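Numbered according to this note's numbering, the sequence shown spans residues 38 to 137.
Even glycine gets a Cβ: it sits at the ideal position worked out from N, Cα and C.
All figures in this text were calculated on a predicted structure; none of them were measured in a lab.
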Amino acid sequence: MARDIYAYREVAVESFEQGGEVRVRPVNGQAYSSELRVECSRRLRDTAVYPLGSYFLVSAKLTDRLGGLPFLYVYHGDPVQAMTPQQTKAFLAEYRRRRI
Numbered sequence: 038m039a040r041d042i043y044a045y046r047e048v049a050v051e052s053f054e055q056g057g058e059v060r061v062r063p064v065n066g067q068a069y070s071s072e073l074r075v076e077c078s079r080r081l082r083d084t085a086v087y088p089l090g091s092y093f094l095v096s097a098k099l100t101d102r103l104g105g106l107p108f109l110y111v112y113h114g115d116p117v118q119a120m121t122p123q124q125t126k127a128f129l130a131e132y133r134r135r136r137i
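Structure representation (structure tokens):
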């Protein structure tokens, strides 16, 4: 089955530590809650590659696989862009302008 590219949106995400594990969540200021779980490549959670607190621009879609809790899914084969805090702020500012 082909992937529906129109279901995917650009989302800024960040890595963080929770319960001794590195996880990824959406950055505040977007349509998605920062409490929402993000399923992505393990490489984004690898602190040897990206330090804790790194920001990324990903293409993600909201899903709830078989009626479970909703989460953001990032296809492992899609390109991921690491962002600086300044680039993240600029992305969020642009996001807010497009929303109005």
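- CA-CA distance, G105 to Y87, rounds to 30 Å.
- The Cβ-Cβ distance between V111 and E76 falls below 8 Å.
- When the Cα atoms are used, A44 and D101 turn out to be separated by approximately 13 Å.
- The alpha-carbon of R79 is positioned some 19 Å away from that of E72.
- Residues of the same chain with a CB within less than 6 Å of the CB of H113, apart from the 5 flanking positions on each side, are S78 in chain order.
- For R74, the CB contacts under 8 Å within the same chain, skipping 5 residues up- and downstream, are R60, R62, L106, F108 and L109 in chain order.
- In the structure shown, Y92 adopts extended strand secondary structure according to DSSP, grouped into three states.
- Going by DSSP, S52 is part of the beta strand (DSSP E) stretching over R46 to Q55.
- For Q118, the enclosing beta strand (DSSP E) begins and ends at Q118 to M120.
- Put simply, of R82, Q118 and L89 the residue whose alpha carbon is nearest the alpha carbon of V95 is Q118.
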